[in-house]
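One point on numbering: in the working numbering, the residue at position 329 of the sequence shown is 416, and numbering is uninterrupted. Let me begin by presenting the structure, written as structure tokens, before commenting on it.
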Amino acid sequence: MDYQSTRSNIKTDSVHAVLQGLAPDGGLFIDPSIEKISFDWKKCLTLKTQDMAVMILKALLPDFKGMEDLVKQAYSGKFETEELTPLVKAGPFHILELFRGPTSAFKDVALSMLPRLVTAARTQSGMKQEITILTATSGDTGKAALEGFKDVEGTRIIVFYPDSGVSEVQQMQMTTQEGSNVCVCAVKGNFDDCQRGVKQAFSELRETLKDSNYSLSSANSINIGRLAPQVVYYFAAYRDMIADGTIKEGDKIDFCVPTGNFGDILAGFYAKLMGLPVGKLICASNANNVLTDFINTGKYDRKRPFYKTDSPSMDILVSSNLERLLFLASGKDESKVSQWMKDLNENGEFTVDEKTLTYIRESFEGECCNQNETEEAIAKCWKENGYLCDPHTAVAYYVADKRENRRPVVVLSTASPYKFPQAVLRALGESEEGSGFDLMKRLNSVTGVKIPKNLSSLEGKKVRFKESIERNDIVSYVMGKLK
Ligand SMILES: *Cc1c(COP(=O)(O)O)cnc(C)c1O
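See the structure below:
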């Protein structure tokens, strides 16, 4: 029994935490002794990335059997490089490229692994029911989850994305998805509406489905099986910084992370808790800067305008994974966390106490980047460093570039620029007329940067999913699909 809910003392093991996704009380599963986990981080730094993954996942999800095979099935031959996440130089910064997987977004790192964990958990626990994965996406999770779960036995996946809230390329990626167990549906609303609907489906349908042949789980980063694989690339980046002579073992480095649902950056905090010498984790927000305000003031306030930006995967006002940090920062006080989440739900805000805020600010900083600054950053990074950023990466690049850096900084790069060719072309002062494919080709001819094959091959694929529903109809839609 290693895991517990962030909102009460409901306990379970890592296998069941992955199977359930969300705790029955609405909380997130967390290992409350993560800070004391015994982990030989120095040994980890001597390994290749996939072996690092085995070691880290065994530590974080100790009840899984055969982790070596699961990791191999997840990653071998699926990424552009067997080292998965290359570290490259761009001017004074190191850029950690997390988008070299099957759908060109950083979500691939976790969502290649999650289906392996879910099916292993199903087998290990002797579960007979079919698992339906419900996923809310701001653009990238959906495609990466569909690709990960496509035709995986014993599973089915339903993805909800905000209608006109994702880029044309992202939409094409999802609506053309192949596979016999997949379903994609647009929602007339924003990402938060999708996420709320999915959470509601979990809580309302759990009882209804109890004795049926179906069970629900989640591919969102509320699932610990999604978060754990992301810890790996922080270690990989650190290893590569030692190898290229930037640091010596034991030196601290900072990571600047383009942040939305707080999963990516929280994985960096996990790496720190496991011993990796991390200085600051810099939370970079776009114009939806609710998290950076929170880190700077201790007040989380989602009652603010919602902006649709060029970095749609970060257009989020309710960041689910913050709850795990709040749990640790509050001294593992479930009742405090429950109260804050209740306040957020009912009043749209909560404020943490001084001690909690101090804990958070020991490891985190927050800074934001508005729409114009994002475009400027894309242009600047290209002109000065010859490195082409997507708009999400550009948010982090902008923040890192503006900051006074006392230590080496790794900027996490979370998507291929070819997922957002319109915004990138605009930033470079080029024409943004034409279809998604015209734009990809133009960006390629302007920059010479290669188009990932999974994106160029979308051209001519058949659109399979055209449904669009009202935001309050998510629960009934799921019920309809399960019948
Ligand atoms: C999901 C996503 C993010 C935000 O990551 P979180 O874990 O939600 O904070 C940033 N950039 C891209 C391209 C993404 O897909």
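We put the CB at the ideal spot given by N, CA and C, even for glycine.
Check, Outcome
"Start-to-end residues for the beta strand (DSSP E) that takes in residue 92", "90-92"
"Buried or exposed by the 16-neighbour rule on C-beta atoms within 10 Å, applied to residue 426", "exposed"
"Contact belief for residue 98 with residue 91 at Cβ below 8 Å, rounded distance in angstroms", "5 Å"
"Exposure of residue 330, with buried meaning 16 or more beta-carbon neighbours within 10 Å", "exposed"
"Outcome for residue 297 when other beta-carbon atoms lying within 10 angstroms are tallied against a minimum of 16", "exposed"
"Spatially closest choice to residue 112 from 527, 204, 287, by CA coordinates", "287"
"Check: residue 135 C-beta below 7 Å from any heavy atom of ligand 1", "no"
"Opening and closing residue of the alpha helix (DSSP H) in which residue 581 lies", "In this structure the chain extends from 88 to 570, so residue 581 is not present and cannot be described."
"Stretch pair the segment 538-558 + the segment 363-381: three plus CB contacts closer than 8 Å", "no"
"Residue range of the unbroken beta strand (DSSP E) whose run includes residue 371", "365-372"
"Buried/exposed call for residue 300, threshold 16 Cβ in 10 Å", "exposed"
"Opposing strand residues paired with residue 275 [DSSP bridges]", "557"
"Residue 208: CB within 7 Å of a non-hydrogen atom of ligand 1", "no"
"Anticipated Cβ contact below 8 Å, residue 465 with residue 514, distance rounded", "4 Å"
"Per-residue burial, residue 195 [other beta carbons within 10 Å of its own, 16 or more giving buried]", "buried"
"Nonlocal neighbours in the same chain, by C-beta distance under 6 Å from residue 279, ignoring five residues either side", "404, 405"
"Residue 581 Cβ short of 7 Å to ligand 1 heavy atom set", "Any question about residue 581 goes unanswered here, given that the chain covers just 88 to 570."
"Cβ-based burial, residue 240 [other Cβ within 10 Å; buried from 16]", "exposed"
"Own chain residues within Cβ distance below 7 Å of residue 126, not counting five before or after", "146, 361, 362"
"Between the CA atoms of residue 520 and residue 198 - distance to the nearest angstrom", "33 Å"
"Sheet register partners of residue 182 (DSSP bridge)", "175, 498"
"Check: residue 192 C-beta below 7 Å from any heavy atom of ligand 1", "yes"
"The segment 451-458 / the segment 364-383 touching (three or more Cβ pairs under 8 Å)", "yes"
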